[in-house]
Each structure stands twice: as structure tokens, then as C-alpha cells.
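So the protein lines, in turn, are chains A, B, C and D. So the first sequence is numbered by my numbering: it starts at 446 and just counts up by one. So the second sequence is numbered by my numbering: it starts at 446 and just counts up by one. So the third sequence is numbered by my numbering: it starts at 887 and just counts up by one. So the fourth sequence is numbered by my numbering: it starts at 887 and just counts up by one. Beta carbons are placed, not taken as given, at the ideal position from N, Cα and C, and that holds for glycine. For clarity, every value in this text was computed on a predicted model and none was experimentally measured.
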Amino acid sequence: MKASLSKVFYFLKETLRGIGRHKSLSAATLISTVASLLIFGVILLVTANVQRAADQLEKRKGIVAFIEEGVSGERLEYLKSRIEEIPEVESVTFVSKEDALEEFRRSLGTEEFLEALGTNPLPASFDVALKEGRRAAEVLEKVSSVIGGLKGVEEVSYGGTWAARLDRLLRTLAVFNVMVGVIVGLAVAFIVANTVRLTVLARRESIEIMKVVGARAGFIKVPFVLEGMLHTLISAVVALILLYVAHEAVSFRLPDIIFLPPLFVTLFVTWGLISGVVGTQLSLKEVLRKRGS
Amino acid sequence: MKASLSKVFYFLKETLRGIGRHKSLSAATLISTVASLLIFGVILLVTANVQRAADQLEKRKGIVAFIEEGVSGERLEYLKSRIEEIPEVESVTFVSKEDALEEFRRSLGTEEFLEALGTNPLPASFDVALKEGRRAAEVLEKVSSVIGGLKGVEEVSYGGTWAARLDRLLRTLAVFNVMVGVIVGLAVAFIVANTVRLTVLARRESIEIMKVVGARAGFIKVPFVLEGMLHTLISAVVALILLYVAHEAVSFRLPDIIFLPPLFVTLFVTWGLISGVVGTQLSLKEVLRKRGS
Amino acid sequence: MVRFFHVTKIFTDNRVALNDVNFQMQDGELLFVVGPSGAGKSTLLKMVYMEERPTSGQVIVGGFLSTTISPDKIPLLRRRVGVVFQDFRLMQDRTAFENVALPLRISGRFLGTEIKERVMNALSKVGLCHRRNALPRELSGGEQQRVGIARAIVNNPIVLLADEPTGNLDFGVGREIIQVICNINAAGTAVIVATHDERIPMELGCRVARIREGRLTEFGGGFAAR
Amino acid sequence: MVRFFHVTKIFTDNRVALNDVNFQMQDGELLFVVGPSGAGKSTLLKMVYMEERPTSGQVIVGGFLSTTISPDKIPLLRRRVGVVFQDFRLMQDRTAFENVALPLRISGRFLGTEIKERVMNALSKVGLCHRRNALPRELSGGEQQRVGIARAIVNNPIVLLADEPTGNLDFGVGREIIQVICNINAAGTAVIVATHDERIPMELGCRVARIREGRLTEFGGGFAAR
Ligand SMILES: Nc1ncnc2c1ncn2[C@@H]1O[C@H](COP(=O)(O)OP(=O)(O)OP(=O)(O)O)[C@@H](O)[C@H]1O
Ligand SMILES: Nc1ncnc2c1ncn2[C@@H]1O[C@H](COP(=O)(O)OP(=O)(O)OP(=O)(O)O)[C@@H](O)[C@H]1O
Ligand SMILES: [Mg+2]
Ligand SMILES: [Mg+2]
Chain A
446 MKASLSKVFY FLKETLRGIG RHKSLSAATL ISTVASLLIF GVILLVTANV QRAADQLEKR
506 KGIVAFIEEG VSGERLEYLK SRIEEIPEVE SVTFVSKEDA LEEFRRSLGT EEFLEALGTN
566 PLPASFDVAL KEGRRAAEVL EKVSSVIGGL KGVEEVSYGG TWAARLDRLL RTLAVFNVMV
626 GVIVGLAVAF IVANTVRLTV LARRESIEIM KVVGARAGFI KVPFVLEGML HTLISAVVAL
686 ILLYVAHEAV SFRLPDIIFL PPLFVTLFVT WGLISGVVGT QLSLKEVLRK RGS
Chain B
446 MKASLSKVFY FLKETLRGIG RHKSLSAATL ISTVASLLIF GVILLVTANV QRAADQLEKR
506 KGIVAFIEEG VSGERLEYLK SRIEEIPEVE SVTFVSKEDA LEEFRRSLGT EEFLEALGTN
566 PLPASFDVAL KEGRRAAEVL EKVSSVIGGL KGVEEVSYGG TWAARLDRLL RTLAVFNVMV
626 GVIVGLAVAF IVANTVRLTV LARRESIEIM KVVGARAGFI KVPFVLEGML HTLISAVVAL
686 ILLYVAHEAV SFRLPDIIFL PPLFVTLFVT WGLISGVVGT QLSLKEVLRK RGS
Chain C
887 MVRFFHVTKI FTDNRVALND VNFQMQDGEL LFVVGPSGAG KSTLLKMVYM EERPTSGQVI
947 VGGFLSTTIS PDKIPLLRRR VGVVFQDFRL MQDRTAFENV ALPLRISGRF LGTEIKERVM
1007 NALSKVGLCH RRNALPRELS GGEQQRVGIA RAIVNNPIVL LADEPTGNLD FGVGREIIQV
1067 ICNINAAGTA VIVATHDERI PMELGCRVAR IREGRLTEFG GGFAAR
Chain D
887 MVRFFHVTKI FTDNRVALND VNFQMQDGEL LFVVGPSGAG KSTLLKMVYM EERPTSGQVI
947 VGGFLSTTIS PDKIPLLRRR VGVVFQDFRL MQDRTAFENV ALPLRISGRF LGTEIKERVM
1007 NALSKVGLCH RRNALPRELS GGEQQRVGIA RAIVNNPIVL LADEPTGNLD FGVGREIIQV
1067 ICNINAAGTA VIVATHDERI PMELGCRVAR IREGRLTEFG GGFAAR
């Protein structure tokens, strides 16, 4: 019991010694893993933000149906219920002539132009929001034409070709993002694993001596695996800090960029750890298998 | 003369021997550098495509001025020249009612709807293209209102809030892209340099022996530097090939993604080479400086 | 204890390092393997701790058979065999103390205080207590060799193998080391010493295995050293 | 040729490895440095090829002064000094042939055919032509030592330093190696041999520097070996 506690103690000491004695190797490993995890973090950051931007743009996508002058309240009720019946429609909000004017004023900041007119030329409208997943340009066009066909609706606006272009852009971005994410994730795993592997290879002499003096593979491995994990953990934390600093620097200019959500942070750290441990395992296997038993 | 030729020969042989004898080290180095260069390549690829997409979207940004029914040819000439006088305007193209119908037909693929109408309801229009660098949403709005104020122009369309949103999105993307590019570029340089450094450190024993037998630093360095360059060159080529394969795979789904333009390929390879050579130099300096002279 | 049964070892490019070697050692015996450079002395020792396996024939050490031992049993064997390597094989990044402590750490059966006591005991036997905190590269050749010896004896092995244990030692220190080895043998440990210096076994008058180009040309002589 | 002038070497933690050593050697002289383990023999040799520099005092080798030599001149010095290291220092990833060829490659003054001729000549002097394609780890201890000797003599050095050159060799081969060294000395090369085996200089009857705890306790004796 006491002896096994002293073993645990020994492993921990070994781990720290490994890092301390081989400062140059450790520094090299740290720099490489921090750098690659930083890349991965940046990609995740971009992914998180692109996703969010896409979500927001999608939400804003909607249809505005302008209503003819002088349509009665009853007819309005009827129109509203008709629009609400369309399966793709999530909700319908009525914007009266006065509301429209108010909004126009707010957005313009000046009233002169309209006051010169003397009368309110803005039509009343329905703001039509579509259900999630039903906001592709084709759907918008289809629903618009249905609404446009209703009597009492003067004109329908939904962004038209712009919506289609945005769709295309977002789709492209998403595909790109997934592609980049997968490639970078794999590449980072390779880099982290290989960097750890190089550190192990650089110390193969010691490993062979331990083996020949009677150490089991497990005994030799533990400090290396712990060291690998500590390395990647430190790297992950450093990379996260750097990422945060970079984010702060950029968000000064682009205030609505979000930082990594917790899920991504977890993914990030786990990915680094797995890569590090796999790298340690593979290289140890390689070194341990060499020369005789 | 002959002796120095034999020296060159020796260096080349040494380089290949270095790679051949240390297969495991070489493989590790290659994997790491290929992976990091691949990341860099992907980022460059994304940059190239985002730039291109932005350019194209910018180019498409323009103003359509619909003309009132029955405006005379003379008045059209006058309107055209007035619009061309606006400093931001690059060119103005007249689209007649017939052209408009033709285009509409082509884009719709069906004529029934219009034939049912019996008459051509589409207005003639001017397609107004703006000068490069003058296509921000504010400019669009300003120019539109100027054109809209001309007599004979019925309505002006320019995408409105959609253009503004697209502007924002592209700006964000560009900032992101530069940020990611810089971080990834630096990180990749670090990784490549450090990987080469780890390989050198793993062979420090040999280096110390050469030193103690009377080799000059230069003599020791040459094969390592050559090896480092060969490594990174091979890695760059492999990364480019992988990138090309990935590009082909994706362009099956998204046909208008371009591959790296030559400038970027050059940048890519040069960057890898510089990182590799710097890594070799730094690590050799470190190893050569150790223990006495 | 140790038994070689028609052991032949052929390395790549058909180098015959051992050629049909047969001998047997009892518990607690002391054996000197002598022979010129390249005769196969180190190879013979490597067979005992199973760094190399016979190309044909069989080596039996304790209860372990070279033909049937599974890879995960080899560490167990090695923990009971102390080896002084011809090229020392010290870990370059550990102090002399830590190098000597290694077998104790590996066995995992000792507490820190016990380890300290045993290591200091072993180091004092080879006269190196004062250098315990030096790294191998800060030690002279003979000092490194003695650290290797301390490491081999620290765990009270049942077999001690010493490959040229006095090659880097002067006559005085070398004699002390031989005395240390004899003492360990006297305490019941079987010992095999490979050496090119025939004076030592002659002086001690103990068993000699003479080897030449891989063949055992002489085995026996001497009286049981005890 | 080689001159030590009040040379003191103190390592970290105040270990005095050499203490006010003074001596002088002529061109073509043969000197044996003897002393017990840890006396400072290797440190003395390291001073000559300037792997270590004196803490105080000065070493003069050929035209090079340890106090003034610039780092980029050290390779030049080392090319004219052949060293047999106590721990061999062979490149583990090169064959015996390539290890011996290394000094010739480094000097850059030889063609491939010349290199081959010289290397084979040196290897044959130590009796290892047949093992030229073996890697160090495929060689026995004595064979590695002989590869180290071949490397030290291949470039016709003006000074040959040999640290324990027969430590891993049996009496027969060791005597041959000493003969090789004597032949080289006879051809005009100054030679310093560090050894713990006092029989060799006694037999040869040549100069001896006796060193003990860093102090030169005896210098002289013998007749000029020639
Ligand atoms: N791994 C190997 N591959 C090929 N040949 C080997 C290998 N190990 C040893 N040999 C050869 O086998 C022979 C015996 O080697 P061994 O190391 O047993 O000699 P030794 O008796 O210990 O000699 P020394 O006294 O010089 O240490 C030598 O000729 C050596 O070159
Ligand atoms: N780098 C170093 N740092 C600290 N101490 C050292 C260093 N190198 C040598 N020493 C010490 O200096 C003393 C002399 O060492 P040296 O190697 O010269 O001995 P030696 O005469 O060659 O002995 P041996 O015959 O055992 O090889 C020894 O006590 C050694 O521990
Ligand atoms: Mg041997
Ligand atoms: Mg020495």
C-alpha cells in the first residue's frame, strides 16, 4: 500500500523531471502543440461565428406583404388568417401605416422629407416570418407568390435574388467550414501526436535502458503518457488564452464576434488530449518493440 | 577541384542517408509538416475563394432604374447621359422592354404566364454598374436616390438592406480571413521549424561526435539544412496534392470553387521552405553551441 | 540455476557468435568467462538476461526457458538478474543515485527511505557515495563503470552478470570490485564475469569457461569459490 | 608540441580534476599518463583537444593556445589531433567504415578512392577489415574500441591521444594495439596514452606521468621510446 503510494509519487516526480530535464525538447513540443491547437481553435472560432451569423441571417429572412390603401379591418383579419394558414409560415405581424411611418422616422432620423409630403405615403404591411428550415430562397419565392396572389395585397418584398445569393454564400461557407474543420482537426491530431512521438524517440536510449533493467512496458509508459497529457493540457490552455486575446483584439473592431461556446472548448481540449495520448502510445509501442523482446 | 566535387557528392549522400537511416524520424517529420502545410494550404484556398466571391458579389452589385412607360427615345438618351455623369457610375446599359421580356422568359423557362397577359408588362430599364471601390451599401443608396429623382425613372432597385447585410458579412469575413491567415501562417512556421528542430535534437549525439572529431559547424550543417529543405519541399508538394484532391472532391459539389492561384502556391512553398530552414538553423545553433566550443 | 543447452547464435550475415555452447552452473557458483575480443563473451551474457535469444538450442535461467518465455515474463527474469554492461548503459539524464535506484523503483516493492538506504549501501560498496548527485557525463570512465556495478547489485539479484567489470578500473579499485563481487557470491548469488583479463580467475582460482570464436574450448578448473 | 602550464581544472561543485599541472612534451614523444580511477587522466586529454578548457593556466598544442584560440580554429586543431575516446564515441548510425572515414571526409582533402584506401589501411592495422560494414551495435566492445583507434590514426595526426585504448581488449589484441601505437609514434607522431594499466609503460620502458587526485606526482622515467 505504502509502496504503491510511493510508486504514484515516483510517477509524478518522473513526469515533472522529464519535462524539467529536457527543457529544450519540452519547449519544442509545447510550441508545436500550442501552435497547432491554436489553429484548431481559430477554425472552431470561425465555425462558431459563421454558424451564428448564418442563424441570424436566416432568422431575419422573411416576407413583407404591403397592403393596398383602404383595405377594411375585416379583410385584414381574413388576410392574416389566410397567410397564417400557409404551412411554411411561422407567424404574421401587422404593421400599420402609423407603425411604418414611425419606423421610417427612426431609421431615417429626419422627418422633413415626409412632412413636406403632408400625407403618409407608407403602406400598412404584414411582416411574415417563416418556420425554421423553410427559409431557402425557393420557399421564399413560392410563399411570396402565394401571398402576392391574395386580393388586397399590393406588393410582396422578400429580397429576391439577394436572398438566393446569400443562401448560396452561406451554403458554400458551411461546406468550406466543415471541410476545413475536418482537415484541420485531423492535421492537428497528426501534428500533436507526432510531436509527442518525436520527443519520445529523442529519449529512446533511456527507454531501452529501463527495459533491459527489467521495467515492464507499463512502468515505462506511465510517466510518458502523463507527460504527454500534461503537455497537451498546458498547450490547450495556452492556445485558449492566446485565442481569447486574439478574440478580444478583433472584437474591438468587430464587436459581435462570439468566443468559443463551452461545447467547442470541450471538444478542443479533448481532441488535443486524445491526439497527445495516441501519439505517446504509438511511439512508445514503436520504441518498446525494438531490439529483442 | 575533384576533392570538392567529392564533398558535394558526400553532402548529397549524407542527406539521403539521413533520411534513409532515420525512417521513423523522417516519417514523423514528414507527417507533421505535411499536416501543417495542408492547413496553411486550406486557409489560403479559403482566402482565395472568399476574395473571389467577394469580388464577384461586388461586381454584381448595381442599380436597376426602371423607366416609365412611353418615355421618348430622346429623353432616354438624356437620362442615360445624366446617369453617366454621376461620378460613382462606371457604365450604363439600356435594357428595352423586349430585352427584359426575353431575359424573363429565359430565366423562367415558360411563357404561358406572360402570353396569358397578352401584353408585355415589363418596363424598360437602365442597368447601372458602379465603379470599383464605390459599391458600399451607402453609395448604392445615395446613387439610387439621385437616379430615382430623375424624371422618367419610375422606380429604382438596388438590393437595399440586403446589400448592406452582404457588405457587413464580407467585411467580417475578410477581417476573419486575414486574422486566421496570419495566425495559421505563424503557427505553421512554428510547427515546421520545431518539427525539424526535434529531428535535429534527436540526432544530437552524432552532431557532437562530428564536432569533437574536428568538423566545422558548416560541414555539420549542410546535410541537415539540405535534409530540412528536401523534407519541407516534399511536404509542400504532398500537401499541394492532397489539397488538390480535396478541392476536386469538393468542387464536385460546389463547382465554382477555384484552386490556389500561382501566387499563393509560390507563397505556400516559400513559406514552408523558410520555416524549415529557419528551424534547422536554430536547432543546429543550439546543439552546436552546447558543451565547450 | 543457469544452463546452456546446445546454444548457437548466428547474427545477420552469418556471423556465428556462439557455436553449440553447453554448460551448467549451480546456485551460488562463480564463473569466469574468458576469451579474446569478439569471442562471444558478451553474447553469452546477453543470452542469460535474454536480450538475445539463441538461434538454436536453449538457455534456462532460474525457472525461465528461452524457448517458451513470453515477452511479459522477461521483465520478471531481468529483475532477478543484475547486469553490469560493458558499455555501462547509464541513463544520461539521471544522477548516479537515480541510476542505481532504478531497479528498486521498477520492482515497486520499496519505500523511499528503504530505497535511499539500499542505494547508499550499494554506492558505498563501489566507493562512490560522494558522487551520488553527479550525472554520468560528469563521472570518469571508471566511476561510470562502478555506478553500473552498484546498479547491478542493489536489488540482491539471484544471478549477477558482469561484462568486463574492471575494464576501466586501475588495479587497486579493480581488486576491490572483484572483492565486492566475491562477497556477493559468498552470500549465495550466482555470478558470471566476462573478462579478457585472465589474471583475475587465475588468482582467485575459480571456475573458468574459455571461449574462442564462439566455441567453449575449456570449462572447469579451479575449486568452487566459496 | 604539447605544453601544460599551471593547468587547473575545477568542475561544478568545486571538484578539482586537475591541480596545477605542468609538463612539456617534445615532437614525436610517447607519454603514458597513469593513475587510479577518477585521477584526472581523461580530463588531461580533454584539455589537449580542447573539449575542456583550463579554469586557470594554459595549454599549448602545436601553435594553438587554450587562452586565445577562437572557436572557429578549434576544428583545425582537432583535425591534427587523433583521439581514441574512453567511451568510443562512434556514430551509431554509420558503419565501421564510415566512422573511420569521418575525419577524412571532414578534412575535405581526399577523393573517394583515396578515402577507401586509407580507411582500409587503418582498419587492417586494428584487424577489423572483415567487420567494416557492421554498425557499432553489431560489434563487440573490443571491436568498437578498435574502430575508435582506426578513426584516430586514419588522418595521420601530429598528436595521438588514446584514452584507455586497451581497456576492452584481451592481452593479445591489446599488445598488438600498443604495437600499432608505437609504430605510429615511431613515424614521428607525438602520442599520449592514458591508462590504468601500469604494466604497459613498464614493459615498454617509456615516459610516465603519474597523476593522483588531479596532481602530477611523477613525471619522467624511461628512455625516449624510439
Ligand atoms: N548484433 C550483432 N550483429 C552482428 N554481429 C554481432 C552482433 N553482436 C555481436 N556480433 C559479433 O559477434 C561476435 C561476438 O561478439 P561479443 O560481443 O559476444 O564479443 P565479446 O567476446 O564480448 O568481445 P569483447 O571482449 O570485444 O567485448 C563479434 O564478432 C561481434 O562482431
Ligand atoms: N564534467 C564534469 N563535471 C564534474 N566533474 C567531473 C566532470 N568530468 C570529470 N569530473 C570529475 O573529475 C575527476 C577526474 O575525472 P577523469 O575523467 O579525468 O578521471 P580519469 O582519470 O579519466 O578516471 P578513469 O580512469 O576512471 O576514466 C573525477 O572525479 C570526475 O568525477
Ligand atoms: Mg563484450
Ligand atoms: Mg577516464
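- A Cβ-Cβ distance of about 13 Å is found for the pair residue 598(A) and residue 531(A), leaving them out of contact under the 8 Å criterion.
- Between residue 1099(C) and the set 1066(C), 901(C) and 888(C), the nearest pair of CA atoms involves 901(C).
- A distance below 7 Å between beta-carbons, with the five flanking residues on each side excluded, links residue 929(C) to the following residues of its chain, in chain order: 895, 903, 904 and 938.
- Using beta-carbon distances, residue 452(A) counts as an interface residue toward chain C, with a partner under 8 Å.
- Residue 919(C) and residue 1078(C) do touch by the CB rule: their CB atoms are close to 6 Å apart, below 8 Å.
- By the criterion of a C-beta distance shorter than 7 Å, residue 953(C) is surrounded in its chain by 944, once the five residues flanking it on both sides are discounted.
- Under the Cβ criterion of 8 Å, residue 1027(C) is counted among the residues facing chain D.
- Fewer than three pairs of CB atoms, one per stretch, sit closer than 8 Å, so the region 681-691 of chain B makes no contact with the region 989-1000 of chain D.
- Residue 955(C) has its alpha-carbon roughly 15 Å from the corresponding atom of residue 942(C).
- Exclusion of the five residues before and after residue 1105(C) leaves 909 and 1095 as the residues of its chain whose Cβ lies within less than 7 Å of its Cβ.
- In the structure shown, the three-state DSSP call for residue 1046(C) is strand.
- In the displayed model, residue 909(C) falls within a strand according to three-state DSSP.
- Residue pairing of residue 974(D) in beta bridges, as defined by DSSP: absent, with no partner found.
- Neighbours of residue 664(A) in chain C, taken as residues at a C-beta separation under 9 Å, are given in chain order as 961, 991, 992 and 994.
- With 6 Å as the limit, the residues whose C-beta approaches any heavy atom of ligand 3 more closely are 927(C), 928(C), 972(C), 1049(C), 1026(D) and 1027(D), in sequence along the chain.
- The nearest non-hydrogen atom of ligand 2 is less than 7 Å from the C-beta of residue 1023(C).
- Classified as buried, residue 985(D) has 16 or more neighbouring CB atoms from the shown chains inside 10 Å of its CB.
- Distance from the C-beta of residue 663(A) to the nearest heavy atom of ligand 2 is not below 7 Å.
- Excluding the 5 residues flanking it on each side, residue 981(D) has same chain C-beta neighbours closer than 8 Å at 1018, 1019, 1020 and 1021, in chain order.
- Contact of residue 979(D) with chain C by beta-carbon distance below 9 Å is absent, the smallest such distance being about 16 Å.
- Placement of the Cβ of residue 921(C) at a distance of less than 7 Å from at least one heavy atom of ligand 1 is found.
- Between residue 728(A) and residue 641(A), the C-beta spacing is below 8 Å.
- Residues of the same chain with a CB within less than 8 Å of the CB of residue 951(C), apart from the 5 flanking positions on each side, are 944 and 945 in chain order.
- The residues 1043 and 1044, in chain order, have a CB closer than 6 Å to that of residue 966(C) in the same chain once the five nearest residues on each side in sequence are set aside.
- Taking 9 Å as the cut-off between beta carbons, the residues of the region 642-657 of chain B near chain D are 648, 650, 651, 653, 654, 655, 656 and 657, in sequence order.
- Annotation: residue 996(D) is outside any beta strand (DSSP E) and is labelled neither H nor E by DSSP.
- A residue is called buried once 16 or more other Cβ atoms fall within 10 Å of its Cβ, and residue 656(B) is buried on that count.
- Rounded to the nearest whole angstrom, the C-alpha separation of residue 547(B) and residue 569(B) is 12 Å.
- Contact between residue 1034(C) and residue 922(D) is ruled out by a C-beta separation of about 18 Å, above the 8 Å threshold.
- Within 10 angstroms of the beta-carbon of residue 917(C) lie 16 or more other beta-carbons, which makes it buried.
- Taking 8 Å as the CB threshold, residue 661(A) lines the interface with chain C.
- Pairing residue 722(A) with residue 667(A), the inter-Cα distance amounts to about 11 Å.
- Note on residue 734(B): under 16 other CB atoms within 10 angstroms of its CB, so exposed under the neighbour-count rule.
- CA-CA distance, residue 463(A) to residue 664(A), rounds to 14 Å.
- Interface with chain D (8 Å Cβ-Cβ cutoff): residue 466(B) is included.
- Among the residues of the region 682-693 of chain A, none has a Cβ less than 8 Å away from any Cβ of chain C.
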